[in-house]
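In what follows, a structure is listed as structure tokens, so that the remarks can point back to it.
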Amino acid sequence: MVDTMNLTTLAEVEKVMQSYVGVAKQTAGQHITIGRSERLMAHLGNPEKQLRVVHLSGTSGKTSTAYYIAALLTAAGCKVGLTVSPYVDRLNERVQVSGVPLSEEQFAGYFAEFHKLIKDRTETPTWFEVMIAFAYWVFAKENVDYAVIETGLGGLEDSTNVAARADKLCVITDIGYDHMEQLGNTLGKIAYQKAGIIHENNTALMYNQDAEIMKVVRYWVSQQEGADLLTFEQDRLAQVYGGDFPAGLPEYQKRNWLLAFAAYKWLAKRDALKSIAKADLRQSQAVQVPGRMDTRLIDEKTIIMDGAHNGQKMTAFWKSFSVQYTAALPTVLFALKQGKEAADIAPLLAKYAGNVIITTYTKSQDLPVLSQEPSEVARTLRSHGVSCRVVKDQNEAYDVFLKSTDKVGVITGSFFLISQLRMEHPELR
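If you're matching positions, the sequence shown starts at 495 in the numbering used here and goes up one per residue.
The structure is reproduced here in structure tokens:
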């Protein structure tokens with residue numbers, strides 16, 4: 495049994511966190527409730543009320559946009575907390591300060607102190623609720639200038655939405671079809687959940703999107719006293735920025751960075767932040783978000799890892815891939831989480847992939863996560879003309895992937911697949 499009073503490593507923290515896995519099963523959207531998190535935060539003295547929060551929701555791009563906002567605010571001389579999910583390599587990615595995850599010793603020490611405060615409560619929170627409460631608690635203790643907070647699922651009832659101060663800035667990234675079991679099966683229903691992060695007197699920033707999405711978001715804002723919505727076109731933000739981007743920066747990351755830049759500009763005006771030098775702007779664009787167009791060179795093979803797992807994300811990834819690797823039809827190592835629609839992704843693999851190797855994974859963070867049965871995925875892909883094979887054993891599949899003669903390979907379909915592979919194969923980190 496782990497002595498929670500004397501934690502020193504991330505592995506020990508993860509053992510403690512295992513007791514929170516699967517505590518509350520996610521069901522339909524109306525049954526996901528923020529109440530447990532509100533009571534947990536009240537028990538902790540509501541540390542979120544001490545923080546200036548930048549809160550992000552959306553279907554695609556929110557993790558990258560969060561990283562970019564944090565980098566820009568850090569470049570402006572601010573002390574910035576950042577929490578994102580899921581983590582790819584190490585648990586301490588969940589709690590970062592000014593661009594750096596807490597050290598293993600610091601993370602474990604803080605967690606031991608934090609866990610002492612919550613361990614005897616009769617109401618048991620979920621893994622995600624504990625991690626979000628921990629992040630807010632650490633950021634308050636660290637006295638950060640801003641806490642950049644990414645939602646986990648939806649927004650309205652998400653644990654992160656305990657932050658409701660009037661000065662919260664909300665950033666909504668591109669909205670599409672994902673997590674429909676929990677959030678609803680129309681863009682309007684999904685947008686309603688995403689817009690739910692906007693509270694009274696909050697300002698929200700987003701790109702103009704589908705008319706159904708915008709109608710719902712505008713309605714939500716109209717119901718929050720003093721709230722404001724600012725919308726943008728990407729081309730216009732590019733003109734405001736007026737600079738160029740590093741060679742090789744994916745198109746979808748340019749879009750994400752420009753929205754982050756709009757958030758920084760808005761905060762800079764409101765809070766009188768210092769301007770950022772051009773070199774520091776470029777440096778913020780070079781931030782490598784784990785598992786997003788993440789490239790390694792292994793035995794003269796270029797391997798790109800991208801956690802795209804729905805049609806919207808896959809479209810963005812392959813569009814950027816095709817710009818950088820114009821002649822490549824890569825071998826793809828692929829797995830898909832249960833509940834995701836292979837049919838939405840299959841046409842893209844048929845167009846851009848050479849051969850697809852379908853494999854499996856099992857991963858636990860907030861809930862045990864299982865991949866789809868590879869033979870079922872293969873059947874769907876083949877019906878769309880995708881050349882594929884099934885190799886269930888993940889390590890064997892990785893060996894087959896590495897031995898392919900293609901000079902370029904892609905690992906995609908799930909962040910959990912990438913995370914598990916990187917745990918087993920350090921050369922991918």
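Glycine included, C-beta positions come from ideal geometry on N, C-alpha and C.
Since the model is a prediction, treat every value here as computed from it, not as a measurement.
In the DSSP annotation of this structure, the continuous segment of the alpha helix (DSSP H) that includes MET625 starts and ends at 621-636. Between the region 646-656 and the region 601-615, the count of C-beta pairs closer than 8 Å stays below three; the two stretches do not touch.
The DSSP assignment places complete alpha helix (DSSP H) segments of no fewer than 4 residues inside the region 513-594 at 529-537, 556-569, in order along the chain.
Taking LEU761 as the centre and dropping the five residues before and after it, the same chain places the C-beta of VAL548, LEU567, TYR640, LEU663, LEU767 closer than 8 Å to its C-beta, in chain order.
Between ILE666 and LEU677, the gap from beta carbon to beta carbon reaches 8 Å or more.
Pairing TYR819 with LEU538, the inter-Cα distance amounts to about 50 Å. The three-state secondary structure of PHE608, taken from DSSP, is helix.
With 16 or more neighbouring CB atoms inside 10 Å of its own CB, ILE669 falls in the buried class. Proximity of the region 725-735 to the region 700-707 meets the contact definition, three or more beta-carbon pairs being nearer than 8 Å. Rounded to whole angstroms, the separation of the alpha carbons of SER558 and ARG786 is 8 Å. Assigned with DSSP and collapsed to three states, GLY903 falls in strand. In the DSSP assignment, MET917 falls within the alpha helix (DSSP H) that extends over 909-918.
One Cα belongs to PHE811, the other to ASN500, and the distance between them is close to 43 Å. The residue among VAL817, SER877, TYR855, THR856 with its C-alpha nearest the C-alpha of ASP838 is SER877. Under the 10 Å beta carbon count, GLY571 is surrounded by fewer than 16 other beta carbons and is classified as exposed.
A distance of 8 Å or more separates the beta carbons of TYR855 and SER869.
Beta-bridge annotation (DSSP): ALA641 is paired with VAL547, GLY575. The straight-line gap separating the alpha-carbon atoms of GLU651 and LYS897 is approximately 46 Å. Between LEU576 and ALA564 a beta carbon distance of about 4 Å is seen, short of the 8 Å cut, so the two are scored as contacting. Relative to the Cα of MET799, the nearest Cα in the group SER597, SER913, LYS759 belongs to SER913. Within the same chain, Cβ atoms closer than 7 Å to the Cβ of LEU875 are found at ALA836, ALA840, LEU843, VAL850, CYS882, the five residues on either side in sequence being excluded.
In the DSSP annotation of this structure, the continuous segment of the alpha helix (DSSP H) that includes THR809 starts and ends at 805-818.
In the DSSP assignment, LEU827 falls outside any alpha helix (DSSP H) and lies within the beta strand (DSSP E) extending over 825-828. A direct Cα-to-Cα measurement between ARG615 and GLY603 gives close to 20 Å. Taking the Cα positions, ALA658 is about 29 Å away from GLN806. When DSSP states are grouped into helix, strand and coil, THR503 belongs to the coil group.
Here GLN779 is buried: its Cβ has 16 or more other Cβ atoms, across all protein chains shown, within 10 Å. In the DSSP assignment, the residues bridged to MET700 are ILE666, THR725. When secondary structure is reduced to three states using DSSP, THR789 falls in the strand class. Here GLY903 is buried, its C-beta having at least 16 other C-beta atoms within 10 Å.
Within the same chain, Cβ atoms closer than 7 Å to the Cβ of GLN544 are found at ALA634, the five residues on either side in sequence being excluded. Counting the other Cβ atoms within 10 Å of the Cβ of GLN512 gives fewer than 16, which makes it exposed. For the pair ARG546 and LYS556, the Cα-to-Cα distance works out to about 18 Å. Only residues of its own chain outside the window of five on either side were considered, and among them LEU663, CYS664, ALA721, ASP722, LEU723, LEU724, TRP760 have a CB closer than 8 Å to the CB of THR697, listed in chain order. The DSSP-derived three-state label of LYS795 is strand. Where ARG659 is concerned, there is no enclosing beta strand (DSSP E), because DSSP gives it neither an H nor an E.
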